[in-house]
Amino acid sequence: MTLGATGPLSPSEKRPGVVAFGIFGDLPYTTAEEAVFPQLIQEMNQDDELEFVVHVGDFKDGGFTRCSDQVFRRVKTWFDLSQHSLIYTPGDNEWTDCHRPGLGKYDPLERLARLRQIFFEGEQSLGQRPLPLVRQSRDPAYTEFRENARWIMEGVVFATLHVVGSNNDLGRTAEGDAAHRRRMTATISWMKDAFALARTKEMGALVLIMQANPGFEEKPQRRTGYNAFLSELEAEAREFEKSVLLVHGDTHTFRVDRPFNGKQNGRPVENLTRLETFGSPHVGWVKVTIDPGAVAPFKFEPAGFEKKSRPPAPSPS
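Adding 880 to a residue's 1-based position in the sequence shown gives its number in my numbering.
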């Protein structure tokens, strides 16, 4: 393992190697899923090839489980079972949707502040083998955004981006809309910084990780909370000459594709691949292996199912 999250990179860090990690999210939603969730983490613990694992948000359902400190701490206890480094990025079920009666009628922004206190303390990941992280909160302009994190491993830049479902918390209240605009200003800046770092440090690939499915196939008027982000992502990916992987959850569909496929504007973005991981009711995870020097740098292996029921790993289309 090589880390270069801060300062100049050594020559050995500039030579791309192979890195493997696990992706899971949109779990657990039900009591049955809660019962097996520790077993899912234990399954990932047994894979010695993994450098780290990432939960892409929605660690509870969006209709019935309260957004309480008790629930937050219980999930944190489960995350602490990971013998690998564990990185988490928030989902809408943990804060954006918490105004709903079934979730406790909380103030969403108060719940977000509590998430930051419980899950994003310190300058390292969760898990039993903490990974040093660079947090956006180091920037005096964005001190509250501790959840936006970055790390470098084997010639690959990784960054989490706080982009969530429920239209990215846009269009419900004036207060929420103002918070959305500030969060997206910060998140887009963080994404652009990750691309710049990958270019200037001559990295072999870039991986962006977030919760929301931003609706690549939707018309712009139906995805108002994501249009600015998608525009910047497309522009940055076109300028970046190496491979980009965008990882998300949200719509609970295991898929691998090239979401900027040219159907929207006739100009596909060939170097950007999208992975969406499993979600409830499928208790699974995806093993991702990156070889930046390969012609096809990304390999995806579904896991967490009985072998006979595992779906095949799709190829980018």
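Idealized CB from N, CA, C, for every residue including glycine.
- Message: Using the Cβ count rule (16 or more neighbours within 10 Å means buried), how would you classify S1197?
- Response: A caution first: S1197 carries a pLDDT of 49, below 50, which makes its placement in the model too unreliable to give a value.
- Under 7 Å Cβ to Cβ from Y986, same chain only, skipping five residues before and after it: list those, please. C947, C978 and H979
- Along the chain, where does the beta strand (DSSP E) that runs through S1123 open and close? First-last of the beta strand (DSSP E) with S1123: S1123 to H1128.
- Message: Three or more C-beta pairs under 8 Å: does that hold for the stretch 1115-1135 against the stretch 1148-1165?
- Response: yes
- Using three-state DSSP, classify P891 as helix, strand or coil. Low confidence applies here, because P891 scores a pLDDT of 36, under 50, leaving its location unreliable and the question unanswered by this model.
- Roughly how many whole angstroms lie between the Cα atoms of G905 and N1047? 18 Å
- Task: Kindly indicate which three-state DSSP category A900 falls into: helix, strand or coil?
- Result: strand
- Message: Please classify G1045 as buried or exposed, where buried requires at least 16 other C-beta atoms within 10 Å of its C-beta.
- Response: buried
- Decide if F939 is buried, meaning its Cβ has at least 16 other Cβ atoms within 10 Å, or exposed. buried
- Task: Just tell me which of R1079, L1125, P1139 and M1071 has its CA closest to the CA of E1112.
- Result: M1071
- Item | With 16 other Cβ atoms within 10 Å as the buried cut-off, status of A1085 | buried
- Item | Distance CB(I903)-CB(V1168) smaller than 8 Å | yes
- Task: Measure the beta-carbon distance from E914 to G1184 and round it to whole angstroms, keeping in mind my assumption that it falls under 8 Å.
- Result: With a Cβ gap of about 15 Å, E914 and G1184 do not count as contacting.
- Item | C-alpha gap between G942 and A1076, whole angstroms | 36 Å
- Let me know if D1049 comes out buried or exposed under the rule of 16 or more other beta-carbons within 10 Å of its beta-carbon. buried
- Query: Is it true that the CB of I921 sits closer than 8 Å to the CB of T1040?
  - Reply: no
- Message: Among the candidates E1119, R1030 and K1081, whose CA atom is the shortest distance from the CA of V1087?
- Response: R1030
- Limits of the beta strand (DSSP E) - the one that V1149 falls within: Looking at the DSSP string, V1149 is not in any beta strand (DSSP E), and its letter there is neither H nor E.
- Item | 8 Å Cβ cutoff met for E1003 and P1012 | yes
- Task: Compute the Euclidean distance between the alpha carbons of P891 and W1165, then round it to the nearest angstrom.
- Result: Residue placement at P891 is flagged as unreliable, the pLDDT there being 36, under the threshold of 50; a coordinate-derived value is accordingly withheld.
- Query: What do you get for T957, buried or exposed, if any count of 16 or more other CB atoms within 10 angstroms of its CB means buried?
  - Reply: exposed
- Query: Span of the beta strand (DSSP E) holding T1040?
  - Reply: V1036 to T1040
- Message: So, for F1120: in the same chain, excluding its five sequence neighbours on each side, which residues have a beta-carbon less than 8 Å away from its beta-carbon?
- Response: F1075, A1078, R1079, L1086 and N1151
- Message: Using only the alpha-carbon positions, how far apart do L961 and L907 sit?
- Response: 15 Å
- Message: Using the three-state DSSP reduction, which class does W1031 fall into: helix, strand or coil?
- Response: strand
- Task: Using only alpha-carbon positions, find the residue among K1179, K1081, G1173 and V1175 that is nearest to V1037.
- Result: K1081
- Message: Runs of 3 residues minimum, wholly inside the stretch 948-999: which ones carry the beta strand (DSSP E) assignment?
- Response: 965-968
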